[in-house]
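Structure first, commentary second.
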Amino acid sequence: MIARASGTDLEPHALLALYKTMVMARAIERRLWVLDHLASARSGDVGAQRRVGSRNLESAGFEAVQVAAAAALDRGSDWVVPCHLDLALCLAMGLSPLDVMLSIFARAADPSSGARQAPGAFGSRAARIVMTSASAGRHVVQAAGIAYASKLQGVDQVTLVCTDERGIQSGDWHEGMNFAGAHALPLICLIEDRADDEGPIPQNWLGSPIARAEGYGLAAEAIDGGDFVDAFAALRRATARARTGGGPTVIHAPVVELTSTKPGGGLRPPEELEALAGHDPVERMRRRLLAAGVLDESADDNLQRECAGVVRTAVEEASAAPSPKGPQALDNVLWRRPDDG
Amino acid sequence: MIARASGTDLEPHALLALYKTMVMARAIERRLWVLDHLASARSGDVGAQRRVGSRNLESAGFEAVQVAAAAALDRGSDWVVPCHLDLALCLAMGLSPLDVMLSIFARAADPSSGARQAPGAFGSRAARIVMTSASAGRHVVQAAGIAYASKLQGVDQVTLVCTDERGIQSGDWHEGMNFAGAHALPLICLIEDRADDEGPIPQNWLGSPIARAEGYGLAAEAIDGGDFVDAFAALRRATARARTGGGPTVIHAPVVELTSTKPGGGLRPPEELEALAGHDPVERMRRRLLAAGVLDESADDNLQRECAGVVRTAVEEASAAPSPKGPQALDNVLWRRPDDG
Amino acid sequence: MCCGDDLTMAEMRMIEAVRAAITEEMERDERVLIMGEDVGRKGGVFGATDGLYARFGEARVLDTPLAESGIVGVAIGAALNGLIPIAEIQFADFIHPAFDQIVSEAARTRYRSNGDWSVPIVIRTPFGGGVHGGLYHSQSIEAFYAHVPGLKVVVPSMPGDAKGLLKSAIRDPDPVLFLEHKKVYRLVTEEVPEGEHLVPIGPAVVRREGTNVSCFAWGLMTHYCMQAAEQLANEGVSVEVVDLRCLAPLDRDTILSSVRKTGKAVIVHEDNITGGFGAEIAAIISEHAFDSLDGPVVRVAGPDIPAMPFNTPQEDFFMPNPVKIAEAVRKLASY
Amino acid sequence: MCCGDDLTMAEMRMIEAVRAAITEEMERDERVLIMGEDVGRKGGVFGATDGLYARFGEARVLDTPLAESGIVGVAIGAALNGLIPIAEIQFADFIHPAFDQIVSEAARTRYRSNGDWSVPIVIRTPFGGGVHGGLYHSQSIEAFYAHVPGLKVVVPSMPGDAKGLLKSAIRDPDPVLFLEHKKVYRLVTEEVPEGEHLVPIGPAVVRREGTNVSCFAWGLMTHYCMQAAEQLANEGVSVEVVDLRCLAPLDRDTILSSVRKTGKAVIVHEDNITGGFGAEIAAIISEHAFDSLDGPVVRVAGPDIPAMPFNTPQEDFFMPNPVKIAEAVRKLASY
Ligand SMILES: Cc1ncc(C[n+]2csc(CCOP(=O)(O)OP(=O)(O)O)c2C)c(N)n1
Ligand SMILES: Cc1ncc(C[n+]2csc(CCOP(=O)(O)OP(=O)(O)O)c2C)c(N)n1
Ligand SMILES: [Mg+2]
Ligand SMILES: [Mg+2]
């Protein structure tokens with residue numbers, strides 16, 4: 031009953047765990063905003079260039095669809111190929127807040143890359159989270175290769191690949207979708223689309239991602255990316271299709287950008303902020319769980335406080351952890367040039 | 031009346047000129063088959079490797095759609111970006127049989143490339159035929175750039191880009207179509223699709239090129255590539271759309287492969303050859319013009335003989351023409367390294 | 017360097033010099049346009065095109081799809097049809113999807129058509145490390161492209177050169193790859209002539225004269241060599257610093273005359289050493305100035321590591337710097 | 017070279033050696049698959065995969081779309097999920113669309129994950145000129161890739177090496193670019209051990225010992241150097257020919273000991289000279305064997321021309337050959 035009221039057939043404890051992951055992801059991002067988008071937390075990098083390339087951790091707004099995707103997958107056997115937006119997804123797949131902070135603080139113990147990658151590129155072979163690059167699009171066709179290997183080896187595995195919406199403009203998206211369609215691969219491509227205020231650039235695109243996907247003969251659906259229930263249902267349909275030989279699915283998940291600043295700068299007026307909160311997936315999930323009786327205000331308070339605490343501890347541990355040593359830059363090269371050390 | 035009977039509103043003399051181009055293209059190819067696919071015509075190249083990379087002049091079967099395309103374009107202002115299949119198109123745009131043979135025989139006077147390119151890569155700035163590379167797909171997005179320049183400069187120009195059917199699998203096709211669609215460019219993409227006997231490779235493709243094109247929000251139609259009238263009508267619609275700001279059109283033109291050999295080797299039985307002749311676009315055009323009274327058997331005989339004569343002369347002239355000099359390999363480099371000569 | 021004597025000067029950093037060059041050329045010639053990811057509405061991630069969208073409109077300051085092969089391919093096509101496109105690649109690390117368009121198409125068009133066609137495009141892109149960019153926002157790419165005949169490769173190290181060379185590149189009838197070091201964008205200022213200021217593509221410039229050892233560098237490394245030279249001067253070692261500025265064409269004469277004078281050569285680049293462009297300079301010296309050499313030809317360069325790590329200790333480990341350069345020069349000087 | 021003593025030998029050309037290596041490895045390990053344009057039904061444009069489609073089926077002998085980035089990208093993904101893909105690029109000239117997948121992805125995966133992931137793929141591709149391939153079926157590409165840490169680059173010149181090195185490449189846990197010279201496919205035959213015959217990736221081989229001048233080459237150029245050496249022997253010049261076989265990793269020790277013995281070095285490659293991989297070898301020699309050098313380090317290579325022309329006189333002009341090599345060696349010998 032409770033579960034049904036929540037709009038899914040998930041057990042309350044599962045729903046709560048997913049909600050907690052959403053709250054945790056948001057808590058991490060909020061903490062990083064406080065830490066001035068991470069840079070001031072680190073070794074004296076200042077000035078305009080300190081954020082070069084650091085478009086990191088932009089999960090905010092995508093938490094619902096990301097944890098929904100994780101919930102629809104089989105952890106341990108299915109594959110995830112994330113993009114730079116997928117903090118909540120990676121947490122849901124098994125990354126810990128400390129893992130995240132070790133990456134953010136560029137510490138030696140960062141399990142994703144030993145602090146080689148810029149923060150936000152998460153990966154773990156154990157959790158089947160494929161380490162992503164920053165080169166948008168490349169991973170889509172790689173994901174098709176992962177799914178091809180599942181099929182060839184006859185194992186029941188679904189691969190989820192995520193991309194921001196501009197990623198589908200690159201040639202590799204086409205090559206990946208084409209291949210996946212031709213082989214009816216167990217692949218799901220999730221397009222995480224955060225409409226910014228100015229709207230998409232009209233010179234970039236005509237038509238909808240759904241129409242594109244259908245052109246490849248793929249199943250496709252558009253969802254409300256901010257709504258857990260809608261997202262979970264769509265992801266469930268897609269994984270079921272993948273597991274039964276029905277081939278790939280493209281899911282287009284637009285969300286609203288959550289920002290307190292106006293396009294030109296300055297704070298938004300209160301009524302806009304209020305309206306925005308109505309689009310916030312974490313808040314929407316919270317209201318849904320409250321309404322369904324899965325959560326009450328005091329339990330939510332505890333959960334929020336718990337997450338904030340975990341994040342605080344993770345920040346402390348990570349900031350106290352040692353940086354990599356310079357010469358460890360030579361670890362995991364295929365061979366060492368004699369003069370390199 | 032006569033014209034109407036021929037299925038188009040073209041004047042008889044125009045139809046005859048197009049038919050002659052088709053016959054000429056076929057005569058050139060037939061001559062080259064006789065010359066053992068050109069290799070034996072050249073300086074003692076023998077053995078298995080002599081044809082490396084020389085997938086040249088495979089216009090046979092595409093003559094109808096190619097001359098139809100040329101007829102729908104404004105020679106002198108419109109642009110053509112051909113692929114390696116487009117002999118008849120290039121002839122119709124102004125290349126002469128001698129030009130073709132100078133390329134085939136790799137002579138210094140080859141106007142396309144001074145015999146640098148492998149035979150079959152035709153180009154002419156004067157005729158607005160853009161020199162193509164062999165790297166399939168690259169030219170599609172370049173064609174979009176040409177069309178963008180037309181639009182930006184406010185000139186009434188249509189760009190036709192041709193590709194074999196596998197060319198549309200490459201990422202650049204996607205990037206080109208996406209850009210052309212977003213800008214509603216005056217571009218036509220003609221997909222020249224020669225179904226070979228074994229059929230397409232199923233692992234390469236799902237869906238139809240038309241569905242793909244529609245996914246980009248582009249106009250698209252499939253035609254009988256062997257039928258001049260069908261092709262001309264489609265190309266006319268496409269050029270009209272382009273000139274009136276209606277944006278790009280994708281035209282899918284499948285044709286039947288014209289080959290006298292069976293898939294496994296050996297000659298086809300007579301009844302198959304007969305059926306094949308019914309698909310031959312040159313023969314279909316001939317029958318159409320005969321039926322419409324635009325042509326009679328004796329005029330056709332003359333025309334066939336004239337073309338054969340032109341080709342024979344072109345072969346003679348080209349084979350007698352001088353080869354480039356070795357050190358001319360340094361012509362048109364941007365600068366010369368001192369040691370290179 | 018051509019400058020009329022009535023030119024006024026303005027103090028500029030490299031980022032402003034780049035913007036000035038683009039703006040002036042777009043004013044001068046309406047065939048010039050700039051295109052790339054976020055060059056329009058956002059004015060570029062480094063601000064190189066800030067204000068141009070409002071000034072020249074969306075058709076000439078073109079926000080493109082996220083598709084690098086498409087960006088260069090569209091630029092090539094537009095150039096064939098009479099325009100003069102400047103294609104911006106947001107970071108040099110992301111230029112690779114366009115490799116075939118650049119190498120097999122743009123660079124080969126004049127040659128393959130035996131002079132019938134040409135492709136007057138400029139591909140601008142920020143490159144280089146030492147800016148905490150990590151594996152995908154730090155790389156040097158010059159070795160890949162300076163190997164390709166048919167392509168010019170320019171790497172300014174100073175604001176004035178950036179402006180003068182970029183203007184020359186835009187007016188060049190052939191494709192030019194124009195590399196802008198991210199760390200140099202705001203590193204130094206200098207007086208740059210306003211308006212018509214052209215620096216020819218090709219000649220290197222001797223930034224500091226010296227007699228004991230020649231240092232060859234480009235981009236950020238020029239600045240580091242100057243700092244090392246300053247330090248070594250105190251120690252009695254006289255270092256000549258040659259800023260190559262252009263890698264293709266390469267100013268072989270200036271390289272060889274410097275080595276013939278000093279007898280010793282150190283080549284410095286950020287890119288990983290093996291197969292880096294420094295190898296070409298070493299090869300030229302060891303073939304054509306062999307008789308003048310008083311010591312081995314030495315390279316100071318990034319180690320053979322797939323890419324520059326994000327974390328500070330490993331980024332420092334990777335990057336050549338004035339200390340590492342001075343050490344190598346000192347050792348060679350006493351050879 | 018490891019070969020059990022009970023191996024039978026078979027006379028083979030390089031094309032058959034390649035096919036044998038692929039076939040045996042696919043027999044041995046069902047994770048191995050081959051994929052590329054026309055590798056399946058057609059058996060490859062050079063016949064390298066002839067018969068494999070019938071033998072192993074369409075899933076393991078995979079005809080791919082015409083999309084090189086896709087081919088390499090799919091191979092990378094399949095490798096991440098437990099397979100061992102051999103990706104064939106139909107001609108090396110067409111590998112460029114996959115540049116980013118190779119350089120930024122395959123070569124960087126182990127490093128960027130700090131050892132968590134690896135990409136055991138082989139990218140095989142026919143390369144090289146002298147076969148009337150023209151501008152798009154003749155090029156050499158090794159300089160682009162041997163510059164990339166994280167990638168091994170192998171270029172066999174003999175059938176036995178082709179088999180033994182390809183088998184090693186397939187068993188290698190990291191990405192290997194395997195370059196097969198089109199003109200060598202059917203140039204020579206030799207006895208090749210059947211079955212388990214592995215040649216380690218790395219070591220160069222001295223094909224001919226000599227005392228006056230060392231020649232360094234790979235692929236077809238090894239054969240041309242041998243012919244030049246034969247000719248020069250008649251003239252009293254003793255030439256050592258070193259077949260590098262692998263450019264990454266590079267066998268620096270063999271290079272340096274050869275030069276220390278002869279005091280003179282000629283490097284030969286087909287690729288255009290500027291920024292070609294010969295520059296790296298010259299740089300290594302001039303830095304690390306400077307004391308032993310008795311003359312300039314000389315390169316014999318293709319001229320700086322965008323690509324190799326189709327027509328015979330210009331193709332000949334481009335290609336190094338035994339006569340050009342002998343001339344350079346002769347001149348250096350008498351330096
Ligand atoms: C191949 C490649 N080109 C360029 C970039 C640089 N880049 C990073 S994110 C981005 C824009 C992404 O836009 P969008 O998909 O709208 O994501 P949003 O920032 O809106 O979430 C660009 C151009 C890249 N990462 N990869
Ligand atoms: C980028 C690129 N990759 C590979 C090739 C080699 N290639 C030339 S034609 C061709 C197959 C084309 O097949 P299809 O489109 O069916 O043309 P058809 O031969 O059937 O007319 C291939 C793989 C190429 N030219 N360009
Ligand atoms: Mg966006
Ligand atoms: Mg076909």
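So the sequence lines, in the order shown, correspond to chains G, D, H and A. Under my numbering, the first residue of the first sequence is numbered 31, with each subsequent residue one higher. Under my numbering, the first residue of the second sequence is numbered 31, with each subsequent residue one higher. Under my numbering, the first residue of the third sequence is numbered 17, with each subsequent residue one higher. Under my numbering, the first residue of the fourth sequence is numbered 17, with each subsequent residue one higher. We put the CB at the ideal spot given by N, CA and C, even for glycine. Because the structure is a prediction, the values reported are computed rather than measured.
CA-to-CA distance, residue j to residue i, given in whole angstroms
i                      : j                      : result
residue 24 of chain A  : residue 261 of chain A : 24 Å
residue 155 of chain G : residue 124 of chain A : 16 Å
residue 3 of chain A   : residue 199 of chain A : Given that chain A is displayed from residue 17 to residue 351, the structure contains no residue 3 of chain A and the question cannot be resolved.
residue 316 of chain G : residue 182 of chain G : 42 Å
residue 88 of chain D  : residue 149 of chain D : 11 Å
residue 127 of chain D : residue 113 of chain A : 34 Å
residue 157 of chain D : residue 96 of chain H  : 13 Å
residue 279 of chain A : residue 167 of chain A : 31 Å
residue 245 of chain D : residue 238 of chain D : 11 Å
residue 71 of chain G  : residue 65 of chain G  : Interpretation of residue 71 of chain G is limited by its pLDDT of 42, a score under 50 that renders its predicted location unreliable; no figure is taken from the coordinates.
residue 45 of chain G  : residue 309 of chain G : 19 Å
residue 68 of chain D  : residue 61 of chain D  : Note on residue 68 of chain D: pLDDT 46, under 50, position unreliable in the model; the coordinate value appears next. Whole-angstrom Cα-Cα distance: 9 Å.
residue 280 of chain D : residue 157 of chain A : 35 Å
Opposing strand residues paired with residue i [DSSP bridges]
i                      : result
residue 51 of chain A  : A:78, A:103
residue 190 of chain D : D:110, D:218
residue 318 of chain A : A:288
residue 25 of chain A  : A:209
residue 169 of chain H : H:193, H:264
residue 142 of chain A : A:196
residue 231 of chain H : H:257, H:282
residue 223 of chain D : D:284
residue 7 of chain D   : Residue 7 of chain D lies beyond the range of chain D shown here (31 to 371); nothing can be said about it.
residue 297 of chain G : G:291
Rounded distance between the beta-carbons of residue j and residue i, thought under 8 Å
i                      : j                      : result
residue 139 of chain A : residue 193 of chain A : 5 Å
### Task
Name, going along the chain, the residues of the region 56-83 of chain A whose beta-carbon falls closer than 8 Å to a beta-carbon of chain D.
So the list reads 56, 57, 74, 78, 79, 80, 81, 82, 83, given in the order they occur along the chain.
### Query
Do three or more CB pairs link the region 232-252 of chain H to the region 167-183 of chain H at distances below 8 Å?
Yes, the region 232-252 of chain H touches the region 167-183 of chain H.
#### Entry: Residues, ordered as in the chain, of the region 152-169 of chain A that lie near chain D by beta-carbon distance below 9 Å
Against chain D - using a Cβ distance shorter than 9 Å - the residues of the region 152-169 of chain A are 152, 153, 154.
### Query
Would you call the region 260-269 of chain D and the region 261-268 of chain G touching, i.e. three or more CB-CB distances under 8 Å?
Proximity of the region 260-269 of chain D to the region 261-268 of chain G falls short of the contact definition, fewer than three beta-carbon pairs being nearer than 8 Å.
### Task
Report the residues of the region 124-154 of chain G with a CB closer than 9 Å to any CB of chain A, ordered along the chain.
Under the 9 Å Cβ criterion, the region 124-154 of chain G contributes 140, 141, 142, 143, 144, 145, 146, 147, 151, 153, 154.
### Query
Any chance the region 218-231 of chain H sits against the region 274-294 of chain H, with 3 or more Cβ pairs inside 8 Å?
A contact exists between the region 218-231 of chain H and the region 274-294 of chain H.
### Query
Going along the region 355-369 of chain D in order, which residues come within less than 8 Å of chain H, judged by CB to CB distance?
Here the close residues are 361, 362, 363, 364, 365, 368.
### Message
Between the region 316-336 of chain D and the region 48-66 of chain D, can you find at least three pairs of beta-carbon atoms closer than 8 Å?
### Response
Touching, yes, given that three or more Cβ pairs across the two stretches are closer than 8 Å.
### Message
Whether or not the region 119-135 of chain D and the region 285-296 of chain D are in contact is what I'm after, with contact meaning three or more pairs of Cβ atoms, one per stretch, closer than 8 Å; do they touch?
### Response
Contact between the region 285-296 of chain D and the region 119-135 of chain D is absent, with fewer than three C-beta pairs closer than 8 Å.
#### Entry: Selection of the region 265-290 of chain D by Cβ proximity to chain G, strictly under 9 Å
Of all residues in the region 265-290 of chain D, only 277 place a beta-carbon less than 9 Å from a beta-carbon of chain G.
### Query
Does the count of Cβ pairs from the region 180-193 of chain H and the region 345-353 of chain D closer than 8 Å reach three?
With a cut-off of 8 Å, the region 345-353 of chain D and the region 180-193 of chain H do not count as touching, because too few Cβ pairs lie within range.
### Task
Give the residues from the region 302-315 of chain A that approach chain H closer than 9 Å (Cβ to any Cβ), ordered along the chain.
Residues 302, 303, 304, 305, 306, 307, 309, 311, 312, 313, 314, 315.
### Task
Return the residues of the region 290-301 of chain A that lie within a Cβ-Cβ distance of less than 9 Å from chain H, sorted by chain order.
Residues 290, 291, 292, 293, 294, 295, 296, 297, 298, 299, 300, 301.
### Query
Closer than 7 Å, Cβ to any Cβ of chain H: which residues of the region 169-201 of chain D, in chain order?
For the region 169-201 of chain D, which is checked against every Cβ of chain H, the residues closer than 7 Å are 171, 172, 173, 174, 175, 176, 178, 179, 180, 182, 183, 201.
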